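Protein chains in written order, with this note's numbering: chain A, 1 to 251; chain B, 252 to 608.
Working notes for the structure below.
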């Protein structure tokens, strides 16, 4: 299994996809962190002023904006095998296909750790410098540290979900577009409609929100429950994807 | 198979000379018996296909197909496009699940081989990530199979791609892609090689090289080689045995000699005469089928002795009489022509895409 995991890392780091995604994550996280800090305390924005606990909780959870990129990382990791037809040599090297999918899940979950650490570092750096300039840099202790670690964990879990979705859908463009539409259209709609908002806390987005506990949230699960639910979604997608990968013909 | 120590992994003894040898760099076959993977025992690697069947929806791609590929020989797997060659090879390699039947390597199905890449190398299609270099592509599979990364450079030299190895595979020519696919198959120094249309995209020089390479791998190194093609002339000079399929069924299996000899009813006789029209009449009345081209008659279903005897009794002067060592192509058309199920559908007929794969 360690051989297959290392093969996945070789695949990942011999193309430039990861550089693009990492840079994208830095820009996204840094940008949101800067915007948030810039509008903190502004009466119209509703963002608590710099130095308050409420502000720090939001500002240090901005790495979660990169979840979409972690998801894409996982999706590309799996679907590139089908897009470029390398599934053939991959499954020739390891005919027990479930092991390939498990290796990908391990490889991408582990690769997402430094990815998450960089995103967190950018977040902390931007908020510390900008908020520091505006009066009070958040301390990296206690609750703030919890917020950061759960944000980072969310990134790792989303990469895992991405691998599962990729194994399930196989079509790279379809999986990415589907993932984006779900995250930015379907879930926000469900979240905002009163009749369905009760279900939101059981959905991946609701679980993510529960983990990172941003302000004015709807009814949510506890942080740990949310994290477990999110892991559950990732494993479910991966399990279904594995079953399909094993059964489908590789053409 | 022991641990890495037992296999003698590490730098090959001639690693320093390997890249400086101009002959090797040009891709002339080199023995692989002393590669970083250690020596191998030749002579094993019998592929047995028994009763394979596969359908895609209503299209029966492969029907009850059985054949054997013997070690140490090059076997041509021939048939027109859509005959089910690729589907068969994908089932043999565990990539597709057959509806019925088995395919085994020395008795073991591909999916249960303990070290599949060390047993079987496959060239199925030119599948690479375009942004990854050829060398890195090979390294991925070195990692996956637990081979030393130096194997990637060794096989690149073997197929004559040493200089292009560091360029992105997306920029490779078709011929270079075929060579890279072949290099991938050779990574594990396998006893069996399965190649699906490996000459596609190769220039005449490349095809010449491939022929020599395959013969060398089979005859000098005792590997089992199964090579599919729809262009019969392409493999005619390479193969020792043929398995001919049409519409997913076995049409003929045997050695080239068997196939070429008239015993199979596939032999033809070429005869020239100044009285060609009368000769044709005599032969036709004798029950042979005859075709005329360039002032010569091609007689089917007969032998030179028989044709000579008929001409002599009829008093016809002959200028040339010889068994037409008919090309495989002719034999192939004889075997499959007039049998509608083997014919390609007329242009415009929709064909299920899977059936042609």
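All residues carry an ideal CB built from backbone N, CA and C; glycine is no exception.
Model, not experiment: these values are computed from the prediction.
Using beta-carbon distances, residue 344 (chain B) counts as an interface residue toward chain A, with a partner under 9 Å.
Apart from sequence neighbours up to five positions away, no residue of its chain approaches residue 92 (chain A) with a beta-carbon distance below 7 Å. Pairwise C-beta distances place the segment 366 to 383 of chain B in contact with the segment 391 to 400 of chain B, as three or more of them are shorter than 8 Å.
Under the three-pair Cβ rule at 8 Å, the segment 90 to 106 of chain A does not count as touching the segment 180 to 189 of chain A. Contact residues of the segment 409 to 442 of chain B toward chain A are 435 (C-beta to C-beta distance below 7 Å). If you check the CB distance, residue 208 (chain A) and residue 234 (chain A) do not come in under 9 Å.
Apart from the 5 residues on each side of it in sequence, residue 351 (chain B) sits with its Cβ closer than 8 Å to the Cβ of 302, 303, 304, 315 in its chain, given in chain order. With respect to residue 562 (chain B), residue 522 (chain B) sits close: the two C-beta atoms are nearer than 9 Å.
The contact set of residue 249 (chain A) on chain B, defined by CB atoms closer than 8 Å, consists of 341, 346, 347, 348 in chain order. For residue 356 (chain B), the uninterrupted beta strand (DSSP E) run begins and ends at 351 to 356, by DSSP.
Annotated as proximal: residue 495 (chain B) and residue 330 (chain B), with beta-carbon spacing under 9 Å. For residue 305 (chain B), DSSP records a beta bridge to B:313. For residue 450 (chain B), the three-state secondary structure derived from DSSP is coil. Following the DSSP letters along the chain, one finds residue 476 (chain B) inside the beta strand (DSSP E) bounded by residues 475 to 480. Residue 134 (chain A) and residue 83 (chain A) have their C-alpha atoms roughly 48 Å apart. Taking each of B:405, B:319, B:532 in turn and checking the Cα distance to residue 433 (chain B), the smallest one comes out for B:405. Annotation: Cβ neighbours of residue 89 (chain A) in chain B (cutoff 7 Å, chain order): 378, 392, 435. Residue 14 (chain A) has a beta carbon lying within less than 9 Å of a beta carbon in chain B. In its chain, beyond the 5 residues on either side, 561, 565 have a beta carbon closer than 6 Å to the beta carbon of residue 533 (chain B).
Residue-level contact check: residue 384 (chain B) touches chain A, since one or more beta carbons of chain A fall below 9 Å from its beta carbon.
Here the alpha carbons of residue 469 (chain B) and residue 486 (chain B) stand approximately 14 Å from one another.
No Cβ of chain B is located within less than 9 Å of the beta carbon of residue 169 (chain A).
In chain order, 28, 29, 32 place their CB closer than 6 Å to the CB of residue 65 (chain A), counting only its own chain and leaving out the 5 sequence neighbours on each side. When DSSP states are grouped into helix, strand and coil, residue 379 (chain B) belongs to the coil group. One alpha carbon belongs to residue 541 (chain B), the other to residue 525 (chain B), and they sit about 16 Å apart.
By the beta-carbon neighbour count (other beta carbons within 10 angstroms, threshold 16), residue 58 (chain A) is buried.
Residue 403 (chain B) and residue 119 (chain A) have their C-alpha atoms roughly 35 Å apart. Not one beta carbon of chain B lies nearer than 9 Å to the beta carbon of residue 242 (chain A). For residue 88 (chain A), the enclosing alpha helix (DSSP H) covers residues 87 to 93. Among the CB atoms of chain A, one or more fall inside 9 Å of the CB of residue 396 (chain B). Looking at the DSSP output, residue 500 (chain B) sits in a beta bridge with B:497. Residue 572 (chain B) is bridged by DSSP to B:522.
Residue 373 (chain B) reaches chain A at 88, 89, 92, counting residues in chain order whose Cβ is nearer than 9 Å. Remark: C-beta atoms of residue 447 (chain B) and residue 346 (chain B) do not approach each other more closely than 9 Å. By the rule that beta-carbons nearer than 9 Å mark a contact, residue 11 (chain A) touches chain B. Boundaries for residue 554 (chain B): no alpha helix (DSSP H) harbours it, and the DSSP string shows neither H nor E there.
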